[in-house]
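Undergrad: Just so you know, the sequence shown maps onto residues 52 to 410 in this note's numbering. One structure is given below, represented as structure tokens, and several questions about it will come after.
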Amino acid sequence: MPDEIVERKNADLTKCPEKIAHKAKHVSIGDMHGNAMKLIYTLIEEGVLEIDPQAYTTLWNIYIKDVEGITKKDIADFKNIIANAKVNKLPAVTIIGDELADRGNNDYFTLLVLAKLKKSNCDVDILLSNHSRDFIANYDEKEFTPNTAISPRQTVSLRNMYFLIKTGVIEEEEVRDIVLKNYIPMVKAINYTLREDGGITIFTHAPVGLETIEGLANVLGIEYHDETRKDLIKTIELINSRVKEKLFNKELAKNIEYDSRFVADDGLVSPELPFYRLIWNRILYMATIIPKGKFPVKFVHGHVGVVPNLSEYHTNLDNDFGKAYYLTKTDSFAVRHFTRHSNETTEQQEKSAPYNLDG
């Protein structure tokens with residue numbers, strides 16, 4: 052099957068969705084906006100999670116509570132439902148980012164879902180983003196705080212998790228354990244899938260081109276090559292490996308502390324600042340699209356809001372579904388809800404059933 056955008060016309064976060072009938076090997080999901088229920092809802096649609104409608108309603112009612120009203124029983128009920136949910140390992144999933152420290156209600160709930168996926172050995176990758184960078188920076192400190200580089204009204208999910216920690220409803224040690232053992236292993240700077248036509252699809256949070264991958268390679272001391280698809284894959288995997296080291300060593304967030312001077316009024320971030328460009332860029336000026344090897348490359352991203360695709364090579368998955376309490380249905384405020392489906396293979400799938408990478 053060719054890659055396609057699969058849109059849901061009657062999506063409603065307040066109700067348990069039905070599973071979509073599809074045979075895609077890979078699904079990519081746009082900006083999560085820190086909304087654990089958007090994550091759960093979409094995973095049910097895609098057939099990754101199985102949760103019955105009554106249990107979903109319980110999750111929803113807990114999720115929408117004011118944080119001051121959340122009890123230890125609520126936490127236990129939420130954890131129990133997620134722990135007992137059935138998980139299917141196909142399709143593979145790429146989350147475009149903004150899953151934490153965003154406008155949603157609580158990062159703790161999102162972490163519980165991500166931990167369930169990791170413990171179930173699902174093929175799930177999460178892309179480093181501007182909002183998750185704030186969460187990671189907080190995690191890197193001795194204890195969580197409500198302090199973020201992004202404005203407080205746009206990082207509610209982190210501050211609400213902090214409230215639960217400080218009031219003793221949840222334990223910070225548990226949160227840190229989930230982050231270390233389950234969340235960080237899923238995070239990548241760049242993801243890719245392989246197409247049967249010899250091409251590659253590259254996933255990043257913000258819209259970029261190959262120039263940003265080359266820039267990341269340069270600052271990380273890696274030789275950049277894109278003469279063949281195999282060369283580009285090797286470069287991306289080395290970048291992700293170095294980024295993972297920095298995450299585990301609590302060095303990454305300090306390397307990309309937010310400074311508004313680095314982001315132009317039109318949203319442009321210079322390729323000379325590749326980490327900033329990776330998570331903050333909004334326009335494609337100075338983007339390199341064609342590799343030296345001339346093989347086909349497509350790019351998938353989010354971050355830019357609800358705007359048309361920025362080029363014929365780029366697909367924007369950002370949408371407003373679940374971005375605010377009043378954006379829970381697709382029949383209001385021009386809200387759209389969609390994901391990208393393809394039969395492209397991930398790194399993990401490739402290792403179990405490899406294509407020829409020499410092209």
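Just so it is clear, CB atoms sit at the ideal spot from N, CA and C, and this is done for glycine as well.
Let's see if you can read the secondary structure: which residues bound the alpha helix (DSSP H) around N370?
TA: It is not in any alpha helix (DSSP H) - N370 carries neither H nor E in the DSSP assignment.
Undergrad: Any idea which residues DSSP pairs R391 with across the strands?
TA: BP columns for R391 point to I56, S79.
Undergrad: Here's a check: name, in chain order, each residue in its chain whose Cβ is nearer than 6 Å to the Cβ of H158, leaving out the five neighbours to either side.
TA: According to the sequence as given, residue 158 is Asp; it is not His. Around D158: L151, S208, L209, M212.
Undergrad: Using the DSSP secondary-structure output, state which residues sit across from A143 in a beta bridge.
TA: The partner list for A143 (beta bridge, DSSP) reads H77.
Undergrad: When the Cα atoms are used, what is the spatial distance from Y364 to P347?
TA: Y364 and P347: Cα-Cα distance of roughly 9 Å.
Undergrad: Helix, strand or coil, according to DSSP, for E401 in the structure here?
TA: Three-state DSSP puts E401 in a helix.
Undergrad: Who does I251 pair with in a DSSP beta bridge?
TA: I251 pairs with L245, V348.
Undergrad: Considering only C-alpha positions, which residue in the set Y92, V78, N189, D277 is nearest to T390?
TA: The shortest Cα separation from T390 among Y92, V78, N189, D277 belongs to V78.
Undergrad: Is the region 246 to 265 close to the region 185 to 198, with three or more CB pairs under 8 Å?
TA: Contact fails: fewer than three Cβ-Cβ distances are below 8 Å.
Undergrad: When you compare only the Cα positions, how much space is there between I216 and A338?
TA: In a straight line, the C-alpha of I216 is about 43 Å away from that of A338.
Undergrad: Using alpha carbons as the reference points, say which of I132, I290, I56, L163 lies closest to I229.
TA: For the residues I132, I290, I56, L163, the minimum Cα distance to I229 belongs to L163.
Undergrad: Can you tell me the Cα-Cα spacing of D82 and E69, whole angstroms?
TA: Going by the C-alpha atoms only, they are around 21 Å apart.
Undergrad: Could you pull out every residue in the same chain whose Cβ sits closer than 8 Å to the Cβ of T381, ignoring the five residues on either side in sequence?
TA: Within the same chain, T381 has close Cβ partners R59, K60, N61, A62, D63, F372, R387, H388.
Undergrad: Closest Cβ-Cβ distance between L329 and chain D: below 8 Å?
TA: The question asks about chain D, but that chain is absent: this structure has only one protein chain.
Undergrad: V164 by DSSP, collapsed to three states: which one?
TA: The answer is helix: DSSP assigns V164 an H, G or I state.
Undergrad: How would you call V358, buried or exposed, if buried means at least 16 neighbouring beta carbons within 10 angstroms?
TA: Per the 10 Å Cβ criterion, exposed.
Undergrad: Tell me whether E278 is buried or exposed, calling it buried when 16 or more other Cβ atoms sit within 10 Å of its Cβ.
TA: With fewer than 16 Cβ atoms within 10 Å of its Cβ, E278 is classed as exposed.
Undergrad: Inspect the CB distances between the region 99 to 111 and the region 124 to 136 and report whether three or more fall short of 8 Å.
TA: Result yes; three or more Cβ-Cβ pairs closer than 8 Å.
Undergrad: Just list the alpha helix (DSSP H) runs in the region 92 to 159, keeping only unbroken ones of 4 residues or longer that don't cross its boundaries, in chain order.
TA: Entirely contained in the region 92 to 159, the alpha helix (DSSP H) runs reaching 4 residues are, in chain order, 104 to 114, 123 to 135.
Undergrad: Mapping the DSSP letters down to three states, classify K380 as helix, strand or coil.
TA: Residue state, collapsed to three classes: strand.
Undergrad: Less than 8 Å between the C-beta atoms of I201 and L178, yes or no?
TA: Their beta carbons are not under 8 Å apart, which means I201 does not touch L178 by this criterion.
Undergrad: Starting from I177 and walking both ways along the beta strand (DSSP E), at which residues does that stretch end?
TA: Start and end: 175 to 178.
Undergrad: Do T286 and Y275 come within 8 Å of each other at the CB atom, strictly closer than that value?
TA: Contact: yes.
Undergrad: Compare the C-alpha of S180 against each of G266, Q399, P325 and name the closest.
TA: Taking only the C-alpha atoms, the option nearest S180 is P325.
Undergrad: Taking only the alpha-carbon atoms, compute the straight-line gap between R435 and G318 and give it to the nearest angstrom.
TA: Given that the chain is displayed from residue 52 to residue 410, the structure contains no residue 435 and the question cannot be resolved.
Undergrad: Going by the CB atoms, is the gap between H84 and R154 shorter than 8 Å?
TA: Yes, Cβ-Cβ distance for R154 and H84 is below 8 Å.
Undergrad: Smallest Cα separation from M88: which of T122, T161, P342?
TA: The option with the nearest alpha carbon to M88 is T161.
Undergrad: Can you tell me which residues form a DSSP beta bridge with V238?
TA: According to DSSP, which records beta bridges pairwise, V238 is partnered with I177.
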